[in-house]
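Novice: The structure under discussion is supplied below as structure tokens; questions concerning it will follow.
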Amino acid sequence: MTPLNDENFKKLERALTEAHRSRPEPSLGADWTLRVMRDIRREAAGHGQSMTSLGLDRLVWRTAAVAAVLALVFTGSVFFYSNQDAVELTSLLSNEVDAVVPLSE
Amino acid sequence: MSGHVAARRPGLIGVQTLVSDDLEIIRRVLHGEVDRFAELIARYQQHVTRITNRHVPPDRVAEVAHDVFVRAYTSLSSFSRQIPFEHWLSGIAVRTCFDFWRARRREELPVSALTTEHQTWMDHVLAAESDGQFREQARRQEAAELLQWALSRLSAENRLVLTLVHLDGYSVREAAGLLGWSVVNVKVRAHRARQMLRKLLVERKRQEDDTSQ
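Residue numbers (this note's numbering), protein chains in the order written: chain S, 1 to 105; chain V, 106 to 318.
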């Protein structure tokens, strides 16, 4: 019954390291590579599909951005011109009122 | 301990040829010649198996190595070519092993998994006087079982760092590079994990000593 002091712990640790490094290497089997490649081809096909959908996504988002800018410009112009009309109408009405000769004179 | 991990080291010209070949294969794979990836698998299968075998149970090595290559393929476009493909692949292998342990609920092996033979083994190791006796003990099944018991009691992070730094012999910087973690993080974890291992072994030995008295 040896106590586990520093030196003994290091010795034990060295033995465990040795055990870890001498683990036998398992063989992967004859058709292992075929199975990996089958999954990779599947990934490749899926990736191709996602690339197509990625292109479509990009087109949709770009169109949406352009549409949003156009909508903003349109809203701004409507607001600007409708405001201008209101000013013109007000000035027109006020001119008409000014033009009327008061009855009391 | 560093350098232990590199088992296959071709000469300088061999390495350069291998690296330029790798780059050519990668270029072709990225241009749609998916089947060329099989050449990379053939070239690095042993390397990946060796890494995964040190981190996951033997019956799961094939499955994890499989995942490593699929992950390597899916992230091939992010391969920067500034480091050799082998190093890049090693990082993927280590991180896949980490994910393997993180995804599993920690299954601590019970103390009852250890028998008096493991206690005897510890005593024999500590009493070994010659190098031959020591190596003979280290090769015994009890050594591997005791190690698995101790590792099963660590978190995925501590387990991986302990295995990389203390058992595989990677430097802290190398381990940090493989894991994609900071050097400080790996250094702190490596220290903590080693302390935990020591605590586990001390407790285990004390329990056995108490029962045998």
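Glycine is no exception: its CB is placed at the ideal position from the N, C-alpha and C atoms.
Kindly list, in the order they appear in chain V, the residues whose Cβ is closer than 7 angstroms to that of S:Arg41.
Specialist: Val139
Novice: Just the Cα atoms here: how many angstroms apart are V:Leu194 and V:His152?
Specialist: Approximately 9 angstroms, taken between the alpha carbons.
Novice: Closest by CA to V:Val166, which one among S:Arg62, S:Ala19, S:Gly29?
Specialist: Nearest C-alpha to V:Val166: S:Gly29.
Novice: Find out if the Cβ-Cβ distance for the pair V:Leu302, V:Leu283 is shorter than 8 angstroms.
Specialist: No.
Novice: Cβ of S:Ala19 less than 8 angstroms from any chain V Cβ?
Specialist: Look at S:Ala19: its C-beta is under 8 angstroms from a C-beta on chain V.
Novice: Go ahead and pull the three-state DSSP assignment for V:Gly116.
Specialist: Confidence is the limiting factor: at V:Gly116 the pLDDT is only 49, short of 50, which leaves the residue's position unreliable, though a coordinate-based value still follows. The three-state secondary structure of V:Gly116, taken from DSSP, is coil.
Novice: Does the beta-carbon of V:Thr225 have 16 or more other beta-carbons within 10 angstroms, so that it is buried, or is it exposed?
Specialist: exposed
Novice: Starting from the C-beta of V:Leu181, find all residues in its chain whose C-beta is less than 7 angstroms away, skip the five residues before and the five after it, and write them out in chain order.
Specialist: Ile131, Val134, Leu135
Novice: As a quick exercise: from V:Ala208, V:His160, V:Gly196, pick the residue whose alpha carbon is nearest that of V:Arg176.
Specialist: V:Gly196
Novice: In the DSSP assignment, find the unbroken alpha helix (DSSP H) run with V:Asn263 in it and report its ends.
Specialist: Per DSSP, V:Asn263 belongs to the alpha helix (DSSP H) from 261 to 266.
Novice: Below 8 angstroms, can you find three or more Cβ-Cβ pairs linking the stretch 233 to 247 of chain V to the stretch 291 to 302 of chain V?
Specialist: no
Novice: At what residues does the alpha helix (DSSP H) containing V:Gly285 begin and finish?
Specialist: Element bounds for V:Gly285: n/a, residue is neither H nor E.
Novice: So, with DSSP's three-state summary, where would you put S:Arg23?
Specialist: coil
Novice: For S:Arg35 and chain V, any beta-carbon pair shorter than 8 angstroms?
Specialist: yes
Novice: Do V:Thr179 and V:Val169 have their CB atoms nearer than 8 angstroms?
Specialist: no
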